[in-house]
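Each residue of the sequence shown is one higher than the one before, counting from 1 in my numbering.
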Amino acid sequence: MPHHATYEAFGGDASLIKAYEHWSVLIRPKQATLGAMVLVAHADVTSYGALPAEAYAELAAVVPDIEAALAKTFSPQKMNYLMLMMVDPHVHYHVLPRYEAAKAFEGVEVTDTGWPGPPDLKNQTPEHVANAAREVLMGAWPKG
(Lines of atoms letter the chains of each structure in order from A and count residues from 1; the text may use other names and numbers.)
(Lines give C-alpha, C1' and ligand atoms only; values in the text may rest on other atoms or scores of the structure.)
Protein backbone atom coordinates (compact mmCIF):
# COMPACT_ATOMS: atom_id res chain seq x y z
CA MET A 1 0.00 0.00 0.00
CA PRO A 2 1.14 3.53 -0.58
CA HIS A 3 2.56 5.61 2.17
CA HIS A 4 3.18 8.71 0.12
CA ALA A 5 2.05 12.16 1.25
CA THR A 6 -1.30 12.09 -0.56
CA TYR A 7 -2.34 8.78 1.02
CA GLU A 8 -1.43 10.15 4.46
CA ALA A 9 -3.15 13.50 3.80
CA PHE A 10 -6.48 11.69 3.56
CA GLY A 11 -6.02 9.76 6.79
CA GLY A 12 -3.88 6.86 5.58
CA ASP A 13 -4.64 3.47 7.05
CA ALA A 14 -7.20 4.93 9.49
CA SER A 15 -9.37 5.98 6.51
CA LEU A 16 -8.88 2.83 4.44
CA ILE A 17 -12.02 1.13 3.14
CA LYS A 18 -10.48 -1.28 0.63
CA ALA A 19 -7.00 -1.88 -0.77
CA TYR A 20 -6.44 -3.29 -4.24
CA GLU A 21 -3.14 -4.08 -5.93
CA HIS A 22 -2.74 -0.62 -7.51
CA TRP A 23 -5.34 1.52 -5.71
CA SER A 24 -6.68 2.21 -2.23
CA VAL A 25 -10.16 3.51 -1.49
CA LEU A 26 -10.28 5.82 1.53
CA ILE A 27 -13.17 7.60 3.18
CA ARG A 28 -12.76 11.32 2.57
CA PRO A 29 -12.35 12.78 6.09
CA LYS A 30 -14.07 15.98 4.99
CA GLN A 31 -17.39 14.64 3.71
CA ALA A 32 -18.35 17.12 1.00
CA THR A 33 -21.18 14.71 0.19
CA LEU A 34 -22.33 11.65 2.12
CA GLY A 35 -20.05 8.69 1.39
CA ALA A 36 -17.37 10.80 -0.31
CA MET A 37 -14.19 8.84 -0.86
CA VAL A 38 -10.70 9.24 -2.28
CA LEU A 39 -9.33 6.72 -4.76
CA VAL A 40 -5.53 6.87 -4.35
CA ALA A 41 -3.02 5.26 -6.69
CA HIS A 42 -0.29 3.26 -4.96
CA ALA A 43 2.35 4.35 -7.47
CA ASP A 44 4.57 7.15 -6.20
CA VAL A 45 3.84 9.33 -9.25
CA THR A 46 2.38 12.80 -9.71
CA SER A 47 1.26 12.45 -13.33
CA TYR A 48 -1.71 10.38 -14.46
CA GLY A 49 0.21 9.34 -17.56
CA ALA A 50 2.99 7.88 -15.40
CA LEU A 51 0.78 5.16 -13.87
CA PRO A 52 1.57 1.60 -14.92
CA ALA A 53 -0.84 0.05 -17.43
CA GLU A 54 -2.00 -2.41 -14.77
CA ALA A 55 -3.35 0.46 -12.64
CA TYR A 56 -5.60 1.61 -15.47
CA ALA A 57 -6.82 -1.94 -16.05
CA GLU A 58 -7.62 -2.41 -12.37
CA LEU A 59 -9.99 0.58 -12.43
CA ALA A 60 -12.38 -1.68 -14.36
CA ALA A 61 -12.89 -3.62 -11.10
CA VAL A 62 -12.45 -0.83 -8.56
CA VAL A 63 -14.99 1.65 -9.95
CA PRO A 64 -17.87 -0.88 -10.12
CA ASP A 65 -17.08 -1.90 -6.51
CA ILE A 66 -17.24 1.75 -5.40
CA GLU A 67 -20.55 2.30 -7.16
CA ALA A 68 -22.06 -0.97 -5.90
CA ALA A 69 -21.19 -0.17 -2.26
CA LEU A 70 -22.63 3.33 -2.57
CA ALA A 71 -25.80 2.07 -4.27
CA LYS A 72 -26.29 -0.45 -1.47
CA THR A 73 -25.77 2.11 1.30
CA PHE A 74 -26.59 5.70 0.32
CA SER A 75 -28.27 5.46 -3.12
CA PRO A 76 -26.78 8.52 -4.83
CA GLN A 77 -28.46 9.93 -7.93
CA LYS A 78 -25.14 10.58 -9.70
CA MET A 79 -21.41 10.04 -9.27
CA ASN A 80 -18.62 12.58 -9.79
CA TYR A 81 -14.96 11.62 -10.06
CA LEU A 82 -12.60 14.58 -9.77
CA MET A 83 -8.88 14.36 -10.44
CA LEU A 84 -7.46 17.71 -9.40
CA MET A 85 -4.03 17.05 -7.81
CA MET A 86 -3.48 20.73 -7.05
CA VAL A 87 -2.79 20.43 -3.31
CA ASP A 88 -2.10 16.71 -2.89
CA PRO A 89 0.30 15.81 -5.70
CA HIS A 90 0.05 12.02 -6.10
CA VAL A 91 -2.47 10.53 -8.51
CA HIS A 92 -5.90 10.33 -6.89
CA TYR A 93 -9.58 10.92 -7.56
CA HIS A 94 -12.13 12.51 -5.29
CA VAL A 95 -15.15 10.21 -5.49
CA LEU A 96 -18.27 12.23 -4.80
CA PRO A 97 -21.70 10.64 -4.69
CA ARG A 98 -24.32 13.26 -5.54
CA TYR A 99 -27.76 13.70 -3.99
CA GLU A 100 -30.76 15.69 -5.10
CA ALA A 101 -32.23 15.69 -1.57
CA ALA A 102 -30.73 15.82 1.92
CA LYS A 103 -29.87 12.50 3.58
CA ALA A 104 -30.27 11.80 7.29
CA PHE A 105 -27.31 9.81 8.65
CA GLU A 106 -25.94 9.44 12.17
CA GLY A 107 -28.21 12.16 13.52
CA VAL A 108 -27.09 14.69 10.91
CA GLU A 109 -28.93 15.96 7.85
CA VAL A 110 -26.32 15.89 5.10
CA THR A 111 -27.03 18.17 2.15
CA ASP A 112 -25.30 18.17 -1.23
CA THR A 113 -25.02 21.96 -1.31
CA GLY A 114 -23.72 22.00 -4.88
CA TRP A 115 -26.58 20.01 -6.42
CA PRO A 116 -27.32 20.16 -9.36
CA GLY A 117 -24.09 21.98 -10.25
CA PRO A 118 -20.46 21.20 -9.43
CA PRO A 119 -19.83 19.69 -6.00
CA ASP A 120 -19.12 22.07 -3.13
CA LEU A 121 -15.83 20.72 -1.75
CA LYS A 122 -15.97 23.18 1.16
CA ASN A 123 -19.16 21.56 2.47
CA GLN A 124 -18.35 19.46 5.56
CA THR A 125 -20.06 17.26 8.11
CA PRO A 126 -19.05 16.40 11.68
CA GLU A 127 -16.10 13.96 11.92
CA HIS A 128 -18.26 11.13 13.26
CA VAL A 129 -20.19 11.08 9.97
CA ALA A 130 -17.07 10.14 7.99
CA ASN A 131 -16.13 7.45 10.52
CA ALA A 132 -19.62 5.93 10.45
CA ALA A 133 -19.82 6.15 6.64
CA ARG A 134 -16.51 4.27 6.42
CA GLU A 135 -17.87 1.44 8.56
CA VAL A 136 -21.11 1.23 6.57
CA LEU A 137 -19.25 1.19 3.25
CA MET A 138 -16.79 -1.44 4.44
CA GLY A 139 -19.71 -3.68 5.38
CA ALA A 140 -21.35 -3.18 1.99
CA TRP A 141 -18.21 -3.63 -0.11
CA PRO A 142 -18.50 -6.36 -2.75
CA LYS A 143 -16.67 -9.54 -1.78
CA GLY A 144 -14.13 -10.97 -4.14
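Heads up, the beta-carbon is just placed ideally off N, CA and C, and yes, glycines get one too.
None of the values given here were measured: they were computed from a predicted structure.
Subject >> Which of helix, strand or coil DSSP assigns to S24 >> reply: Locating residue 24 in the sequence shown gives position 24, counting from the first residue. Strand, per DSSP.
**OP:** State the DSSP-derived secondary structure class of L59, mapped to helix, strand or coil.
**Re:** As a position in the sequence shown, residue 59 is number 59, starting the count at 1. Helix at L59.
Original post:
According to DSSP, which residues form a beta bridge with L16?
Top reply: Walking along the sequence shown from the start, residue 16 turns up at place 16. L16 pairs with L26.
Original post:
Using the beta-carbon count (16 or more within 10 Å), is P97 buried or exposed?
Top reply: Numbered from its first residue, the sequence shown carries residue 97 at position 97. So P97 ends up on the buried side.
**OP:** Give me whichever residues DSSP pairs with N80 in a beta bridge.
**Re:** Within the sequence shown, numbered from 1, the residue matching residue 80 stands at position 80. Answer is L96, bridged to N80.
Original post:
Shortest alpha-carbon distance to A104 belongs to which of L34, L26 and F10?
Top reply: As a working note, residue 104 is residue 104 in the sequence shown. Looking at the Cα atoms, L34 is the closest of the given residues.
Subject >> Pick from V40, S24 and E127 that is closest to L84, judged by C-alpha positions >> reply: Reading the sequence shown from its first residue, position 84 is the one you call residue 84. Comparing Cα-Cα distances from L84 to each of V40, S24 and E127, the minimum goes to V40.
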